[in-house]
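Shown next, in structure tokens, is the structure this report addresses.
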Amino acid sequence: MTHDNKLQVEAIKCGTVIDHIPAHVGFTLLTLFRLTETDQRITIGLNLPSREQGRKDLIKIENTFLTDEQVNQLALYAPHATVNRIDDYEVVGKSNPTLPERIEKVLICPNSNCISRSEPVASSFAVRQRHDAITLKCKYCEKEFSHQVVLAG
Numbered sequence: 100m101t102h103d104n105k106l107q108v109e110a111i112k113c114g115t116v117i118d119h120i121p122a123h124v125g126f127t128l129l130t131l132f133r134l135t136e137t138d139q140r141i142t143i144g145l146n147l148p149s150r151e152q153g154r155k156d157l158i159k160i161e162n163t164f165l166t167d168e169q170v171n172q173l174a175l176y177a178p179h180a181t182v183n184r185i186d187d188y189e190v191v192g193k194s195n196p197t198l199p200e201r202i203e204k205v206l207i208c209p210n211s212n213c214i215s216r217s218e219p220v221a222s223s224f225a226v227r228q229r230h231d232a233i234t235l236k237c238k239y240c241e242k243e244f245s246h247q248v249v250l251a252g
């Protein structure tokens, strides 16, 4: 049996590649971080084989570069992801997300009585990591939630 090392997701000339996303998380990242709100081509690989993870997801966005803030927000879902900057088909920069102190305008507070659910204010959460658990504290209602609960919002 031979292994075929061909690309399973087409290369891009210029843009961003988010690699090593845990399997089944790619669509969540696209939706939550509004990565699809662009006219640029987006290529998605789901459940691709990975030596390190077994299976992984992959996102390629042409002619688009993520800010440091956007890269770090990925740490909630994909703490071991690699974000590659591509120029002329070459990797010109790599970064790994680090958990930010705050996440603004992205998540929805799960507290149905929170003012952020009914008023035109941008959501804001303080991020706390204790051992392996990540919690998010809402700026408005001051309730603290497991990051999994907030993300499901």
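Yeah, the sequence shown ends on 252 if you go by the numbering used here, and it's all consecutive.
Where is the CB? At the ideal position from N, CA and C, for every residue including glycine.
- Do three or more CB pairs link the region 190-209 to the region 163-176 at distances below 8 angstroms? Remark: three or more beta-carbon pairs, one from each stretch, lie closer than 8 angstroms, so the region 190-209 and the region 163-176 are flagged as touching.
- Secondary structure at D156, three-state DSSP: helix, strand or coil? If you number the sequence shown from 1, residue 156 lands on position 57. It is a strand residue.
- Just the C-alpha distance for G114 and K204, rounded to the nearest angstrom, thanks. Along the sequence shown, read from residue 1 onward, the residue named residue 114 stands at position 15. Along the sequence shown, read from residue 1 onward, the residue named residue 204 stands at position 105. Their Cα atoms are separated by approximately 24 angstroms.
- Around the C-beta of L232, are 16 or more other C-beta atoms found within 10 angstroms, so that it is buried, or is it exposed? As a first step, residue 232 must be located in the sequence shown, where it is residue number 133. Looking at the sequence itself, residue 232 is Ala, so the reference to Leu does not match. By the neighbour-count rule (16 or more Cβ atoms within 10 Å), A232 is not buried but exposed.
- Message: Tell me the DSSP secondary structure of L131 in three-state form.
- Response: Translated into positions along the sequence shown, residue 131 becomes position 32. Note: L131 maps to helix in three-state DSSP.
- Message: What ranges does the beta strand (DSSP E) occupy inside the region 173-237, keeping only unbroken runs of at least 3 residues that lie completely in it?
- Response: For the beta strand (DSSP E) assignment, the uninterrupted runs of no fewer than 3 residues enclosed by the region 173-237 are, from N- to C-terminal side, 181-186, 189-194, 201-203, 223-229 and 232-237.
- Along the chain, where does the beta strand (DSSP E) that runs through I143 open and close? For the purposes of this step, residue 143 is identified with residue 44 of the sequence shown, where counting begins at 1. Residues I141 to S149.
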